[in-house]
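One structure is given below, encoded as structure tokens.
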Amino acid sequence: MLIKICMGSACYFLGASKIAKRLQELIDETSLTDSIDFRASFCMGPCSEGVVVEVDGQRYYRLSPENVEEFFQREVLNRIENRNGK
Ligand code: FES
């Protein structure tokens, strides 16, 4: 799974670095470091809808430090579980 987080200036201003740090922690805590390629990206375009995150090419908007855990559960863990047929 490839996860990209926008680190362009608008998203950065909206807390992208905090979100990136928390996502990295969540990836580490769930022992998914081998399954997830987590990268930072330059501006993805829709700056007014940041923070923008992409999971396997699908975009998610308005990520915030408050909703990042729920996002991780819903879009990352559930997706991996479905993929593994659980
Ligand atoms: S800065 Fe994130 S979409 Fe432009």
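Quick note: the sequence shown, position 28, residue 392 per my numbering, numbers continuous. Cβ coordinates follow ideal geometry from the N, Cα and C atoms, glycine included.
- Under the 10 Å beta carbon count, LEU427 is surrounded by 16 or more other beta carbons and is classified as buried.
- Straight-line spacing of the CA atoms in CYS411 and SER395 works out to 31 angstroms.
- One alpha carbon belongs to SER405, the other to GLU418, and they sit about 10 angstroms apart.
- If you ignore the 5 residues before and after MET371, its C-beta comes within less than 6 angstroms of the C-beta of ALA380, ALA404, all in its own chain and listed in chain order.
- DSSP places GLU434 in the helix class (H, G or I) of the three-state scheme.
- Those residues whose C-beta sits under 5 angstroms from the nearest heavy atom of the ligand FES are, from N- to C-terminal order along the chain, CYS370, GLY372, ALA374, CYS375, CYS407, MET408, CYS411, GLY414, VAL416.
- Considering only LEU366, PHE435, GLN422, the residue with the shortest C-alpha distance to SER399 is LEU366.
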